[in-house]
Each structure stands twice: as structure tokens, then as C-alpha cells.
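FYI, in this note's numbering the residues of the sequence shown are 23 to 95.
Have a look at the structure below, then the notes.
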Amino acid sequence: MGNKSTTGIFVPLVKLVRAAVGKSQFNQLRGKGISLHSQVIKSFGKRIGADNKQVQGLVRLAKQNGEKLGFLA
Numbered sequence: 023m024g025n026k027s028t029t030g031i032f033v034p035l036v037k038l039v040r041a042a043v044g045k046s047q048f049n050q051l052r053g054k055g056i057s058l059h060s061q062v063i064k065s066f067g068k069r070i071g072a073d074n075k076q077v078q079g080l081v082r083l084a085k086q087n088g089e090k091l092g093f094l095a
């Protein structure tokens, strides 16, 4: 799960948390966070009247930003 990015600003934190809680629990926690974030994006899209295609684009953009920042390391 995730990419092997080593350059994002949050990579050290992600690695520290993964080492502290274990890979399995970390993946569950990260999955829950991603799910909650997607729900917020979808709710925002609904509120502003965006169609499903636009909302999907926002979710993809969030994933790309997460990769760049190192959240998916």
C-alpha cells in the first residue's frame, strides 16, 4: 500500500508512526483517514453543486498531493 516516496515533507512522520504502531494497525489507520478525507471531499462537492466527475477529479488531486507530501510513503 502506498508509494515508496522518500522526498515528501511528511515521510519521516509516516515512517515513525508506522514503526511505532506496526504495519497492520498503521494501514488500518491510514485507510480510515483516507476514507474520512474522501467523505469530506464528496460532501464539499455536493455542497457546491459539483457533478460526480468533478468530485472524482478532486479525490484524485487529493491523492496526488498526498503522494507528493509523503503521506502515502
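Every residue, glycine too, gets a C-beta built ideally from N, C-alpha and C.
Distance check for residue j and residue i, CA to CA, integer angstroms please.
i, j, result
"Leu91", "Gly67", "23 angstroms"
"Phe48", "Leu83", "23 angstroms"
"Asp73", "Gly30", "31 angstroms"
"Ser65", "Lys54", "16 angstroms"
"Lys57", "Gln76", "Note that residue 57 is Ser in the sequence shown here, rather than Lys. C-alpha separation (whole angstroms): 18 angstroms."
"Gly88", "Phe32", "9 angstroms"
"Gln78", "Ala41", "32 angstroms"
"Thr28", "Gly71", "37 angstroms"
Determine, using beta carbons only, whether residue i and residue j come nearer to each other than 8 angstroms.
i, j, result
"Val43", "Ile63", "no"
"Val36", "Ala95", "yes"
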